Structures are given as structure tokens and as C-alpha cells.
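K.L.:
Okay, here's the structure, questions in a sec.
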Amino acid sequence: QVQLVESGGGLVQAGGSLRLSCAASGRIFVGNDMYWYRQAPGRQRELVASIWSSGSTYYADSVKGRFTISRDNAKNTVYLQMNSLKPEDTAAYYCNTLRDGVFVEWGRGTQVTVSS
């Protein structure tokens, strides 16, 4: 059974910071390609950041320069450091990985709310 557990969300003022964590278990190894997505109410889930097995990273234009994705293989955990948060960053944040080209079961996510 695969499991992804996101944590670290909360309520923060604009300009503040949060660090999200995604703990993986059940044959998921965060050394593989990992993704952070977010979904705001009434909107589609969107890709925020990726880290590939090579260590290369990708960021959506909307978060570039403010967010940093990283991982700790020993803890089997992926992180998303979010700085200079904006109200438009308000969303539920999810991590995931692909297995045979398909996302594994989504976790519950962690809610980030940025007040203006």
C-alpha cells in the first residue's frame, strides 16, 4: 500500500513562509521523480514544482524564485519551502509520483491559506 502524507500547511500573512513536507511510504521512494501540486477552490489542480531523480528541478512561473523543492532520501520525505507567500498561493497542496506512468493514490493534502 502506497501512502503520501502531506503536512506543514497553515494560515500565514502575505510575505510569510511555510515549509511543507511529504512523507512517503509503501514502496514509494522519493529519490524518484516527485511532484508538488496545488488546487484552489473552483480551479484545476496545477503543478507547482518537480524534482527529478537526477536532481533537476522545475517550477511553475508563478512560484519561481519563491518556492524551493528538495528531498531527504534517508527520511523518504520531500519538502516545499515557500517564501514570500501571496494570497494567490492559497490552496490545498499535494505531492505525488508516477508509477508506470500513472499517479499513485493522492494523499489528503495540506491546506495553505495566505491572508492579505
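Going letter by letter, the sequence shown gives residues 8 to 123 in our numbering. Glycine residues also receive a C-beta, built at the ideal position from the N, C-alpha and C atoms. Here the structure is a predicted model, which is why all the values come from computation and not from measurement.
Just the Cα atoms here: how many angstroms apart are I58 and N80?
P.N.:
Going by the C-alpha atoms only, they are around 12 Å apart.
K.L.:
Can you tell me whether E53 is helix, strand or coil according to DSSP?
P.N.:
Residue state, collapsed to three classes: strand.
K.L.:
Assuming N83 contacts S24 (C-beta within less than 8 Å), just tell me the rounded distance between them.
P.N.:
Actually they do not touch by this definition, with Cβ atoms about 24 Å apart.
K.L.:
Looking only at its chain, what residues have a beta carbon closer than 7 Å to the beta carbon of L18, apart from the 5 residues adjacent to it on each side?
P.N.:
T120 and S122, listed in sequence order.
K.L.:
Is the CB-CB distance between V111 and V9 below 7 Å?
P.N.:
Taking 7 Å as the Cβ cut-off, V111 and V9 qualify as a contacting pair.
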